[in-house]
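This report concerns only the one structure given below.
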Amino acid sequence: MIISTKIPFKRIVEVTWKLNLYTIVYSCFSYLVYVNYLKDHFTMSGAVPGIMGTAIAFFIGFNNNQAYERWKEARQAWGALVTDCKSFTRILLFQSQNPSDEIVLNKKILIKRLIALSYAQNYRLRGHAKWEKVSKYLTDSEYNWAKEKTHVPNAILSLVAKDLYELQQKDIIDEANYLGINEILLNVARRIGITDRIKGTVFPTTYDFFTKLFIWLFLTALTMATEAEMGLWSILNSTMVGFVFIITHQVGQALLNPFEWIRTGVPMNQICTIIERSLLEMLEETPLPEMEPVIDGQYIM
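Under the numbering used here, the first residue of the sequence shown is numbered 948, with each subsequent residue one higher.
Right, here's the structure in full:
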């Protein structure tokens, strides 16, 4: 996730130079074809690019709005997961007085499983091959059992729910607190379900395809329509206008996949580290893991 309020000019050039080159070449091509082959046969009306530009602006606006809503929902789900994990730990730790060492140990095991669960969902969404943070907070038998399941986070959640029920049956957790904690686990399951749904729902590729197609057609029409008044300058005019449309469209496309390993993705590594640090701190365990570093002073993963 980008956290810097300023984007270095160098970064802008790195991201946009290819698009600028394509736009210039395409505008030049459109200009040459029109002047050498089409100009004597018809004249492009200025109304055509005017209408097309308005329609494309609405189309890009709709796409970008949907992309941002998708990204925001993903970020909210992970933010809510942080709150759920803290609430679970707080209720579980402080619902009884003077607990035995065995009870304290059982509670710590349950809490650390939530840390493993958050990392498991992170790795699952990003397709990581190494699951070291998951195995760290599970026993070998639990880890091997969970890894064999289709949905590892759900398997870990089942372990938590099972042991929580056993604690309630032994009257270690009273009925009221059990219901409250169980509701939190249901919320955790909902957060996982939301992120799975976003990951598994592909944004219709037709939006991207036709938006790009219409932008290029618009550039052709704009170059032809302004050639009579601007001459060669119509190439620069089309390039500048096209740059605005293309970059605006690309900004939205960068938000479509919030769980990818990209600058604009949801900072799941950072969020998982926050969960890990918060829960270990509540357990009064040290050392706490370091926070995720800010990369190039601009974004965190």
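For glycine and all other residues, C-beta sits at the position ideal for the given N, C-alpha and C.
I'd like to confirm something about residue i: is its beta-carbon nearer than 8 angstroms to some heavy atom of the ligand NAD, or not?
i: residue 1037; result: Of ligands this structure carries none, so the ligand NAD is not represented either.
For residue i, which residues from the same chain have a beta carbon less than 8 angstroms from its beta carbon, with the 5 sequence-adjacent residues on both sides left out?
i: residue 1116; result: none
i: residue 1161; result: 999, 1002, 1003 and 1006
i: residue 995; result: 1168 and 1172
Output the boundary residues of the alpha helix (DSSP H) element that contains residue i.
i: residue 1146; result: 1122-1147
i: residue 1208; result: Taken as a continuous stretch (DSSP letters only), residue 1208 belongs to no alpha helix (DSSP H), as it is neither H nor E.
i: residue 1116; result: 1099-1116
i: residue 1217; result: 1215-1229
i: residue 1090; result: 1087-1094
I need the DSSP call for residue i, collapsed to helix, strand or coil.
i: residue 1006; result: helix
i: residue 974; result: helix
i: residue 1201; result: coil
i: residue 1076; result: coil
i: residue 1023; result: helix
i: residue 1273; result: The requested residue 1273 does not occur in the structure, where the chain is confined to residues 948 to 1248.
i: residue 990; result: coil
i: residue 1186; result: helix
i: residue 996; result: helix
i: residue 1235; result: coil
i: residue 1066; result: helix
i: residue 1042; result: coil
i: residue 1047; result: coil
i: residue 1162; result: helix
i: residue 1150; result: coil
i: residue 1084; result: coil
Ignore the nearest five residues each way along the sequence and tell me which others in residue i's own chain have a CB closer than 6 angstroms to its CB.
i: residue 1223; result: 1062 and 1236
i: residue 1014; result: 1199, 1202 and 1203
i: residue 1084; result: 1059, 1062 and 1063
Which residues in the same chain have their Cβ closer than 7 angstroms to the Cβ of residue i, if we skip the five residues on either side of it in sequence?
i: residue 1124; result: 1038 and 1042
i: residue 1163; result: 973
i: residue 991; result: 1168, 1171 and 1172
| task | Take every Cβ of the region 1138-1149, pair it with every Cβ of the region 1042-1061, and state whether three or more of those distances are shorter than 8 angstroms. | result | no
| request: Say whether the region 1012-1021 touches the region 1178-1193, bearing in mind that this needs 3 or more beta-carbon pairs closer than 8 angstroms, one atom from each stretch. | output: no
| query | Quick one: any contact between the region 1185-1204 and the region 1030-1039, if contact means 3 or more CB pairs under 8 angstroms? | reply | no
| Any chance the region 1202-1216 sits against the region 972-990, with 3 or more Cβ pairs inside 8 angstroms? | no
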